[in-house]
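Here the structure is laid out as structure tokens; the discussion comes afterwards.
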Amino acid sequence: MNRSEKAAVIEAIKARAEKAPFTVLTDFKGMSVEELTNLRVSLRKAGGEYHVVKNTLARIALTDGTHAAIKDKFHDNCGVAFGYDDPVAVAKALSDFAKQSKLFELRCASLDGKALDAAQIDALAKLPGREQLLGQLLGTMNAVPTNFVSLFANLLRGLLYALKGIEEQKGKAA
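So in our numbering the end of the sequence shown lands on 1405, straight run, no missing numbers.
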């Protein structure tokens, strides 16, 4: 690979890393091409992509970028997963694949510049997805006005019963 090809690879990695808020460094030693293809397909469905890169080029590409926290972790056989949309979905896809394949291993990650270890990636994978979290938030936001309306309806109902009682007493007295 000559200098211009290396520069092109570095720029491509840098562009992907800057576009992705979530970057995961993995070990894939001994895996077959078919297994890596299955991983790439599952990551594409989750809104990410997976690349095998040269360690030196990846180190250079991640220097002075958002994911500089993990640039020194590149050694041996490394693959990089970039998550563009939902970091939880990408973490779930990687974690599920790591459970299925004994050769695949999560090393570390960077979420918006904050370094995460393998245990933190698994914890992120156990969180509910974006849609489920939005549903819970909407349910909570909807519960407050509903309870507020119910509270005032009960107050008005009590006032109505009191006024009706006073009307009946005055009707009996007259």
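Glycine included, every Cβ here is placed at the ideal spot set by N, Cα and C. All of these numbers come straight from a predicted model, not from anything done at the bench.
Cβ shell of residue i (< 8 Å), same chain only, five flanking positions each side left out
| i | result |
| --- | --- |
| T1294 | K1302 |
| A1346 | A1300, I1301, C1339 and A1340 |
| K1304 | L1256, R1338 and C1339 |
| G1360 | D1317, V1319, A1320 and K1323 |
Proximity below 7 Å, CB of residue i to CB of residue j
| i | j | result |
| --- | --- | --- |
| S1326 | H1298 | no |
| F1259 | V1321 | no |
| A1292 | I1241 | yes |
| A1312 | A1277 | no |
| M1262 | L1334 | yes |
| L1270 | F1328 | yes |
| A1248 | G1296 | yes |
Cβ separation of residue i and residue j, assumed to be a contact under 8 Å, to the nearest whole Å
| i | j | result |
| --- | --- | --- |
| L1274 | E1280 | 6 Å |
| G1344 | A1251 | In fact, because the Cβ distance is near 12 Å, the residues do not count as touching under 8 Å. |
Candidates the options: closest to residue i by CA position
| i | options | result |
| --- | --- | --- |
| T1257 | D1316, A1349 and S1263 | A1349 |
| K1285 | G1261, G1310, M1262 and K1276 | G1310 |
Cβ shell of residue i (< 6 Å), same chain only, five flanking positions each side left out
| i | result |
| --- | --- |
| K1245 | A1292 |
Cβ shell of residue i (< 7 Å), same chain only, five flanking positions each side left out
| i | result |
| --- | --- |
| S1332 | M1262 and E1266 |
| N1308 | D1258, F1259 and K1260 |
Quick check on the DSSP output: what are the complete beta strand (DSSP E) runs of length 3 or more inside the segment 1293-1364, in order along the chain? 1309-1314, 1336-1342 and 1345-1348
Only counting runs of 3 or more residues, tell me where the beta strand (DSSP E) segments fall wholly within the segment 1243-1301, in order along the chain. 1253-1258 and 1279-1283
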